[in-house]
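To start, the structure under review is shown below, and the notes come after it.
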Amino acid sequence: MLLRRTKQVNVAFVKVIQAVTLVELLASLSLMVTLLFALSSFYSDSYKNQHKLQTTLSLQQNAQQIMNFFKQHIQHIYYQGIDRENSNYFAFTYNKSSVAIKPQCLVFFYDINSDGCVGNRKKKSACFVKGKNNTSDVAKEVFGFKVDHQELHIYQDSSISKCSLIQCKQLLAQCDQGKWGKLTQYNNYKISQLSFSWLKEHKVMQVLLSLTKNNQTYSTQSYIYILNNEKII
Numbered sequence: 000m001l002l003r004r005t006k007q008v009n010v011a012f013v014k015v016i017q018a019v020t021l022v023e024l025l026a027s028l029s030l031m032v033t034l035l036f037a038l039s040s041f042y043s044d045s046y047k048n049q050h051k052l053q054t055t056l057s058l059q060q061n062a063q064q065i066m067n068f069f070k071q072h073i074q075h076i077y078y079q080g081i082d083r084e085n086s087n088y089f090a091f092t093y094n095k096s097s098v099a100i101k102p103q104c105l106v107f108f109y110d111i112n113s114d115g116c117v118g119n120r121k122k123k124s125a126c127f128v129k130g131k132n133n134t135s136d137v138a139k140e141v142f143g144f145k146v147d148h149q150e151l152h153i154y155q156d157s158s159i160s161k162c163s164l165i166q167c168k169q170l171l172a173q174c175d176q177g178k179w180g181k182l183t184q185y186n187n188y189k190i191s192q193l194s195f196s197w198l199k200e201h202k203v204m205q206v207l208l209s210l211t212k213n214n215q216t217y218s219t220q221s222y223i224y225i226l227n228n229e230k231i232i
């Protein structure tokens, strides 16, 4: 009788051990699934954050390049070489100025080669003759920046060299004439904001720029000091 009782007790004990082991196994599996889900979520978030960071850095780099390009030329607004005899500046000025600012458009010219004229002066000849411009490569000294369909465009119209007085005057009067070329591509990023304004008239220009890609936007601003703040008359 004693042996039978002992056998029954042992059987019951084994069943308890088996039951406890199964519960622990299920708990372990549940913990592993939770841990794997957490790790998967962590790596997914890390990838997204890394991708966002790369996009932000790319937008920042492109915005800085655009701003540097603006500064390279805007800082020389109003510059004219000292040889101003027989110049054609009067033919291109608008409201007695060599720069025209509009909400999303800036057009101006300055004397890159320091010969006193807009474009390249011809030897022993005036820069404006018989009602027509008489210089070459005028477009190389004319700079225009505008946004069209969220892309940045720059002025590239070489035909302006042959302009009459009326046509020359229209250069700064409007931003929708002449030939313009794309400086940026919509597929790479969008120009969501571009504005030019005087922070201090004829001395400091403020430029606001925003680039957008993959629903991310990077915005920056720059204050460009005009090295020659002489207003053209």
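Letter by letter, the sequence shown follows residues 0 to 232 of numbering that gives the first Met the number 0.
Quick reminder that beta carbons are idealized off the backbone N, C-alpha and C, glycines included.
Residue range L164 to K168 is occupied by the alpha helix (DSSP H) that includes I165, with no beta strand (DSSP E) assigned at that position.
Non-local C-beta neighbours of I100 in its own chain, meaning closer than 6 Å and more than five positions away in sequence, comprise F195, ordered along the chain.
For V32, DSSP assigns no beta-bridge partner whatsoever.
Counting of Cβ neighbours within 10 angstroms places L38 among the exposed residues, the total staying below 16. Going by DSSP, Y222 is part of the beta strand (DSSP E) stretching over Q215 to Y224. Assignment of Q205 by DSSP, reduced to helix, strand and coil, places it in the strand class.
Between the beta-carbon of L208 and that of L198 there is about 15 Å, and that puts the pair past the 8 Å contact cut. The beta-carbon separation of T54 and K161, rounded to 45 Å, does not stay under the 8 Å limit for a contact. Taking 3 residues as the shortest admissible run, the stretch 55 to 142 contains the following complete beta strand (DSSP E) segments, listed from N- to C-terminal end: 98 to 101 and 104 to 108.
Inter-segment contact for the stretch 153 to 173 and the stretch 125 to 144 is present: three or more beta-carbon pairs are separated by less than 8 Å.
Under the three-state reduction of DSSP output, E200 falls in the coil class, being neither helix nor strand. 8 Å or more divides the Cβ of Q155 from the Cβ of Y185.
A Cβ-Cβ contact shorter than 8 Å links N227 with Y78. Residue pairing by DSSP places K161 opposite no residue, since no beta bridge is assigned to it. Under DSSP, L25 takes part in no beta bridge, so it has no partner.
H50 carries a helical assignment under DSSP once its states are collapsed to helix, strand and coil.
Between L210 and A62, the gap from beta carbon to beta carbon is short of 8 Å.
Q59 and Y188 have their C-alpha atoms roughly 11 Å apart. Taken through DSSP and simplified to helix, strand or coil, T20 comes out as helix. The Cβ neighbour count for G177, taken over all protein chains shown within 10 Å, is at least 16; the residue is labelled buried. Less than 8 Å separates the beta-carbon of G118 from that of S135.
Counted as a single uninterrupted DSSP element, the beta strand (DSSP E) harbouring K181 occupies residues W179 to K181. Note: S194 is bridge-paired with L207 in the DSSP secondary-structure output.
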